[in-house]
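Residue numbers (our numbering): 9 to 132. Glycine included, every Cβ here is placed at the ideal spot set by N, Cα and C. Here the structure is laid out as structure tokens; the discussion comes afterwards.
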Amino acid sequence: KAAAAAAAAASSGEAGVRGSTNMMNRFIPSDVKAAMDGVPCPYDFFQYVQWHNLALEEAEFRGLETLAIYYEDFGLSQGQMVGGIADFLGVPKNSKKRKEVPQFLRARMYDDYYTNEQKRAIWR
9 KAAAAAAAAA SSGEAGVRGS TNMMNRFIPS DVKAAMDGVP CPYDFFQYVQ WHNLALEEAE
69 FRGLETLAIY YEDFGLSQGQ MVGGIADFLG VPKNSKKRKE VPQFLRARMY DDYYTNEQKR
129 AIWR
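As structure tokens, this is what we get:
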């Protein structure tokens, strides 16, 4: 319940006001805070992860099918990825629209934005 309340507060805009760190501290368990040690902008990362966790939880609760797509995989095998998405959406294999997918151009990944120490903290 505390995590859902924190996510709701964050999405309502409360996270952007003065004192938001104290408000967020009330809702984040100490073990999660400890895991975020060294992570830049830890509350932003928490909100990002929590939003996705709650979206998946809601989809499961409603019995909705989901499809996880990883950005890193999309550029490596675009045809296979597009085919998987089309299959998930029920687009026929011989659809003209399916054949007109533009070439995927990778965006800048900002690999140099975080220090190696920050990256290790984020991915642990």
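Item	Value
If distances are taken between C-alpha atoms only, which option among 52, 87, 45, 86 comes closest to residue 125?	45
Note down, in chain order, each residue of its chain lying with its Cβ closer than 8 Å to the Cβ of residue 81, except the 5 sequence neighbours on either side.	89
Closer than 7 Å by C-beta to residue 120: which residues in its own chain qualify, once you throw out the five before and the five after it? Chain order, please.	none
Have a look at 62, 54, 86, 59 and flag the residue whose alpha-carbon is nearest the alpha-carbon of residue 77.	86
May I have the straight-line CA-CA distance separating residue 75 from residue 67, to the nearest angstrom?	11 Å
Can you list, in chain order, the residues of its chain with a C-beta nearer than 6 Å to that of residue 73? Leave out the 5 residues immediately preceding and following it.	none
Quick check on the DSSP output: the alpha helix (DSSP H) that includes residue 89 runs from which residue to which?	86–97
Can you name the start and end residues of the alpha helix (DSSP H) that residue 56 belongs to?	50–70
Which two residues bound the contiguous alpha helix (DSSP H) that contains residue 39?	38–43
Reducing DSSP to helix, strand and coil, say where residue 132 ends up.	coil
Please report the straight-line C-alpha distance between residue 69 and residue 63, rounded to a whole angstrom.	10 Å
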